[in-house]
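Counting with the working numbering, you get residues 469 to 710 for the letters of the sequence shown.
The beta-carbon is built from N, C-alpha and C at its ideal position, and this holds for glycine as well.
First the structure, in the form of structure tokens, and then the observations on it.
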Amino acid sequence: MGGKTPKYRRVILKLSGEAMAGPSGFGLDLSVIGRVAEQVVNVHNMNVEIAVVVGGGNFWRGVKGESQGLDRATSDYMGMLATVMNGMALQVGLERLGVETRLMTAIDMREVAEPYIRRKAIHHLKNRRIVIFGAGSGNPYFTTDTTAALRATEIGAEAILMAKRGTDGVYDSDPNQNPDAVRFDRLDYMELLSRRLKVMDATATTLCMDNRIPLIVFDLDVYGNIEKAVCGEKVGTFVGRE
Ligand code: UDP
Numbered sequence: 469m470g471g472k473t474p475k476y477r478r479v480i481l482k483l484s485g486e487a488m489a490g491p492s493g494f495g496l497d498l499s500v501i502g503r504v505a506e507q508v509v510n511v512h513n514m515n516v517e518i519a520v521v522v523g524g525g526n527f528w529r530g531v532k533g534e535s536q537g538l539d540r541a542t543s544d545y546m547g548m549l550a551t552v553m554n555g556m557a558l559q560v561g562l563e564r565l566g567v568e569t570r571l572m573t574a575i576d577m578r579e580v581a582e583p584y585i586r587r588k589a590i591h592h593l594k595n596r597r598i599v600i601f602g603a604g605s606g607n608p609y610f611t612t613d614t615t616a617a618l619r620a621t622e623i624g625a626e627a628i629l630m631a632k633r634g635t636d637g638v639y640d641s642d643p644n645q646n647p648d649a650v651r652f653d654r655l656d657y658m659e660l661l662s663r664r665l666k667v668m669d670a671t672a673t674t675l676c677m678d679n680r681i682p683l684i685v686f687d688l689d690v691y692g693n694i695e696k697a698v699c700g701e702k703v704g705t706f707v708g709r710e
């Protein structure tokens with residue numbers, strides 16, 4: 469694509485469940501997924517190894533069940549299962565574009581996906597397959613943001629691309645409520661934590677900080693942004709210490 473040079477050679481892309489849904493934010497929209505898949509494939513075609521961690525919020529979130537009287541662990545497991553549906557849909561979207569993929573889940577579901585094995589995931593990436601991580605970390609009380617941080621550390625990803633919908637970076641206050649909200653170009657992890665900015669949960673941020681994995685937060689709805697982020701172009705907010 470245009471002879472651009474990637475800054476990173478192995479990345480994790482975090483897609484929230486919302487990234488798979490249409491305007492209602494619920495369920496799956498194959499045309500939305502197709503658009504995202506195209507951008508992922510464009511990055512893959514730049515010889516960048518890309519693994520995707522999918523969220524599940526378009527179907528279920530642990531806190532939602534808890535608020536209705538479900539015990540949290542059960543509700544969280546339901547959320548993890550939701551991410552697998554997204555992973556399967558994204559896999560279809562990617563394979564329609566002619567690339568090889570593997571869906572690996574942290575909860576065994578051998579009929580639909582491979583079990584997550586770190587060394588195997590790395591092997592797939594080296595063999596030009598796009599890897600999708602489903603079922604979060606396999607543990608309740610965590611999020612898929614934490615999963616992204618964990619998997620990035622495990623597989624030696626050089627950056628986490630946090631693709632967001634409806635926001636184009638990290639602001640000092642909620643831009644939907646405060647018209648004077650200011651967007652940061654760069655931020656340190658500690659600032660993210662101390663200012664309680666809602667980019668990802670504190671566990672995920674701490675993991676990134678401890679392992680020095682930069683985060684790039686950007687708007688998924690601007691076509692081509694994933695590629696720009698991979699090339700180190702200014703897009704959204706860079707969180708890290710570089
Ligand atoms: N979840 C979990 N452990 C994990 C990852 C996810 O229990 O390691 C559950 C949790 O209930 C969460 C749900 O799966 O609310 C869906 O994931 P998440 O909310 O991170 O999805 P997103 O907001 O990215 O769509």
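Quick one: measure Cβ to Cβ for residue i and residue j, integer angstroms, because I've assumed they're closer than 8 Å.
{"i": "Phe706", "j": "Asp656", "result": "With 8 Å as the limit, Phe706 and Asp656 do not qualify as a contact, their Cβ atoms being about 10 Å apart."}
{"i": "Gly547", "j": "Gly524", "result": "5 Å"}
{"i": "Val685", "j": "Gly634", "result": "Contact doesn't hold; Cβ gap of about 12 Å is too wide."}
{"i": "Glu520", "j": "Ile598", "result": "The amino acid at residue 520 is misidentified as Glu; the sequence shows Val. Between Ile598 and Val520 the Cβ distance is about 7 Å, and since that is below 8 Å, they are a contact."}
{"i": "Val552", "j": "Met577", "result": "6 Å"}
What do you reckon, is the C-beta of residue i under 7 Å from a heavy atom of ligand 1?
{"i": "Pro608", "result": "yes"}
{"i": "Gly547", "result": "yes"}
{"i": "Glu486", "result": "yes"}
{"i": "Asp613", "result": "yes"}
{"i": "Arg503", "result": "no"}
{"i": "Arg529", "result": "yes"}
{"i": "Thr542", "result": "no"}
{"i": "Gly524", "result": "yes"}
{"i": "Thr635", "result": "no"}
{"i": "Thr673", "result": "no"}
{"i": "Thr573", "result": "no"}
{"i": "Thr705", "result": "no"}
{"i": "Thr621", "result": "no"}
{"i": "Ala670", "result": "no"}
{"i": "Gly604", "result": "yes"}
{"i": "Ala519", "result": "no"}
{"i": "Ala550", "result": "yes"}
Could you check which residue in the options has the C-alpha nearest to that of residue i?
{"i": "Asn513", "options": "Leu593, Gly634 and Thr621", "result": "Leu593"}
{"i": "Val508", "options": "Met488, Leu481, Asp539 and Trp528", "result": "Leu481"}
{"i": "Ile590", "options": "Thr569, Glu659, Val500 and Gly604", "result": "Thr569"}
{"i": "Val677", "options": "Val667, Glu695, Met658 and Met668", "result": "Rather than Val, the amino acid found at residue 677 in this sequence is Met. Checked all of Val667, Glu695, Met658 and Met668; the closest Cα to Met677 is Met658."}
{"i": "Val698", "options": "Glu517, Leu562 and Arg503", "result": "Glu517"}
{"i": "Lys632", "options": "Lys475, Leu483 and Val479", "result": "Leu483"}
{"i": "Asn554", "options": "Ala581, Ala541, Gly566 and Val531", "result": "Ala581"}
{"i": "Thr612", "options": "Lys472, Arg651 and Leu675", "result": "Leu675"}
{"i": "Asp669", "options": "Phe610, Pro643 and Gln645", "result": "Phe610"}
{"i": "Asn679", "options": "Ser641, Ala617 and Val650", "result": "Ala617"}
Establish whether the CB of residue i and some CB of chain C are separated by less than 8 Å.
{"i": "Ala625", "result": "This model lacks chain C altogether; it includes just one protein chain."}
Does the segment 536-543 come close enough to the segment 555-573 that 3 or more CB-CB pairs lie under 8 Å?
-> no
Given 8 Å as the limit, is there contact between the segment 495-509 and the segment 620-629, that is, 3 or more CB pairs closer than that?
-> no
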